[in-house]
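See structure below.
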Amino acid sequence: MQPKSKTSTDSANLAHEVPWRSQPCNLVPPKLRTKVRRSAVLSYFVRECLHLYVGTMRDLESVWGLERDETDRLGLASPPTWVTNLIGSNACAEKFGDLADIPGFYKCDNLWRLDIDERLARRGLILPTRDPQRPLLIVGLRVFRHVRDEKPFILRVRSEGEKGA
């Protein structure tokens, strides 16, 4: 048997192995690239790295009157535990690169973290906030301390003086 020679399909397959952040994107207008990137990171973190605890789901059903399919549609998730935070945040950094411009993320001891208290994981709730003109784009994360929280807060980008301990 002879070794397989390089063909155009081989070079096309190599393009798929390069992380998407390294490839120029001509599909998204330049003025929207920051919003699209932010939305991609936050969506990936909420959908792929977080889940909804059973107790929080029960609270949502009784207090907000939401069924499971509605919570999925809204993208609701429980805040991460310390371990889930480290794993999920660093998975985002591996996939998307530097997260310093993404609201709620910061780097400490060379590890990325979401700036949220792990004690909120038991009964807290994360609700992705969306761009009113482009409802498919997630622009931030609204955090409820519990399902009856009347004053949720929105995660923001840390300034240089606010580095984690």
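Residues in the sequence shown are numbered from 999 upward in steps of one, following my numbering.
All C-beta atoms, glycine included, are put in the ideal place defined by N, C-alpha and C.
- DSSP, reduced to helix, strand and coil, places K1149 outside both helices and strands of the structure shown, so it counts as coil.
- The shortest C-alpha to C-alpha distance from R1154 to any of L1040, G1095, E1068 and D1067 is the one to L1040.
- The segment 1113-1129 and the segment 1068-1081 touch, with no fewer than 3 CB-CB distances between them shorter than 8 Å.
- One Cα belongs to C1047, the other to C1090, and the distance between them is close to 9 Å.
- DSSP places G1138 within a strand segment (E or B) once states are collapsed to three.
- For C1106, the pairing in a beta bridge is given by DSSP as L1109.
- The residues R1140, V1141 and F1142, in chain order, have a CB closer than 7 Å to that of P1150 in the same chain once the five nearest residues on each side in sequence are set aside.
- Distances from the CA of D1070 to each of H1144, R1146 and L1125 were compared; the closest alpha carbon is that of L1125.
- For K1093, the closest of F1043, N1024 and D1147 by C-alpha to C-alpha distance is F1043.
- When rounded, the separation of the alpha-carbon atoms in M1055 and R1128 is 22 Å.
- In this structure, S1087 sits away from L1050, with a CB-CB distance that is not shorter than 8 Å.
- DSSP, read as helix, strand or coil, puts R1035 in helix.
- Taken in chain order, the whole alpha helix (DSSP H) runs of length 4 or more contained in the segment 1043-1084 are 1052-1057 and 1066-1072.
- Rounded to whole angstroms, A1098 and L1025 show a C-alpha spacing of 24 Å.
- I1136 is classed as buried because its beta carbon has at least 16 other beta carbons within 10 Å across all chains shown.
- Assignment of R1117 by DSSP, reduced to helix, strand and coil, places it in the helix class.
- Excluding its 5 nearest sequence neighbours in each direction, I1152 has C-beta neighbours in its own chain below 8 Å: P1101, T1127, G1138, L1139, R1140 and V1141, listed in chain order.
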